[in-house]
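Chains as they are written, first to last, in full-length UniProt numbering: chain H, 1 to 136; chain S, 1 to 136. Below: the structure, in structure tokens.
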DNA sequence: CTCCTGTATCGATGACTGTCAACATAGACG
DNA sequence: CGTCTATGTTGACAGTCATCGATACAGGAG
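Written out as structure tokens, the structure is:
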């Protein structure tokens, strides 16, 4: 079941509330509102760090689609508290989910947000018309 | 600088250094390398600001696909130098191109980068393939 | 219970970033 | 030439961020 309009982002968990923009509005289709831009910027900011990008990619491409923190810390040159901090940023942005399972804590990517971002960045048909229709 | 020294970035050429990652590698497909993550982070960082997001969206959705700075400054509460700064960030990230045309300077979105980002964020089939075929 | 390991939080710090005012530059026009 | 308008650049400041060490919390083992 795929719901497109619902901002389902486990509001009870950690997602600070990502409104409708992140649903399906193409960035290049119509001007972004202030509030929407602020929310979107938070998500991009979460991805705007090399360590977080690698963390995110590592989790996403892990066997089973999830990884425990112990699998991640060894891959980076930063300290464990830093890794934990970055994971929290990703979680707060609604990009990953997490769950404690016994001793270890597992993280997985939330594909919804990924798909929304992908759709947001999808370029609209800007063929020859755009270039040709120059004004004065 | 009458005709500019080629501000319009060409993929992996005059750009700040956008290698192959930005071409078509899905983020959730395989772990991102350090260098690739650093480059990608720069692009996301350029989008990680509400003003820049609105600027970008505004330019992209403008009539003719391009807008002069004079069309943009009025839409924001920040000063003109700040707008100019943000436009430079977007240009350096390879997200927009610019050209002086007489008195005014016009900006337009580079759809290539947009498409690359969109492809990068495209979620892989987590439901079936990733879950099953990952463990080799 | 106590110890040990895995993970999160806290406080501090150096680096970066968004913003502005002031100034510089480029082109149009008289 | 000089002047006006449109943009870009510079320098400075405040706020944010990435990172660390120390520490706290959670759960399993003894």
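All residues carry an ideal CB built from backbone N, CA and C; glycine is no exception.
On a CA-only basis, which of S/32, S/115, S/88, S/25 is nearest residue 52 of chain H? Give me that one, please. S/32
What in chain S is Cβ-close to residue 54 of chain H, meaning under 9 Å? 31, 32, 33, 34, 36, 37
Residue 115 of chain H versus chain S: which residues are under 7 Å apart at the beta carbon? 123
Kindly indicate which residue of H/57, H/64, H/107 has the alpha-carbon position closest to the one of residue 99 of chain H. H/107
What's the gap between the Cα of residue 4 of chain H and the Cα of residue 76 of chain H? In this predicted model, residue 4 of chain H has a pLDDT of only 34, less than 50, meaning its place in the structure is not dependable enough to derive any value.
For residue 105 of chain S and residue 72 of chain S, what's the separation of their Cα atoms in angstroms? 11 Å
Taking residue 71 of chain H as the query, report the chain S residues whose CB atoms sit under 8 Å from its CB, ordered along the chain. Neighbours of residue 71 of chain H on chain S: none; closest Cβ ~11 Å, over 8 Å.
On the three-state DSSP scale, how would you describe residue 69 of chain H? helix
Label residue 66 of chain H either buried or exposed according to how many other C-beta atoms from any shown protein chain fall within 10 Å of its C-beta, with 16 as the threshold for buried. buried
Between the Cα of residue 82 of chain S and those of S/49, S/93, S/110, spot the shortest distance and give me the residue it belongs to. S/49
Please go through the same chain and pick out, in chain order, the residues whose beta-carbon is closer than 6 Å to the beta-carbon of residue 62 of chain S, but skip the five residues on each side of it. none
If you count every other CB in all the chains shown that lies within 10 Å of the CB of residue 35 of chain S, and 16 or more means buried, which is it? exposed
Between which residues of its own chain and residue 109 of chain S is the CB-CB distance below 6 Å, once the five residues before and five after are set aside? 59, 60, 96
Residue-level contact to chain H via CB, residue 49 of chain S, 8 Å cutoff: yes
With residue 112 of chain H as the anchor, note down where its alpha helix (DSSP H) starts and where it stops. 111 to 121
Under 8 Å between beta-carbons, which chain S residues line up against residue 88 of chain H? List them in chain order, please. Result: empty, since nearest Cβ-Cβ is about 17 Å, beyond 8 Å.
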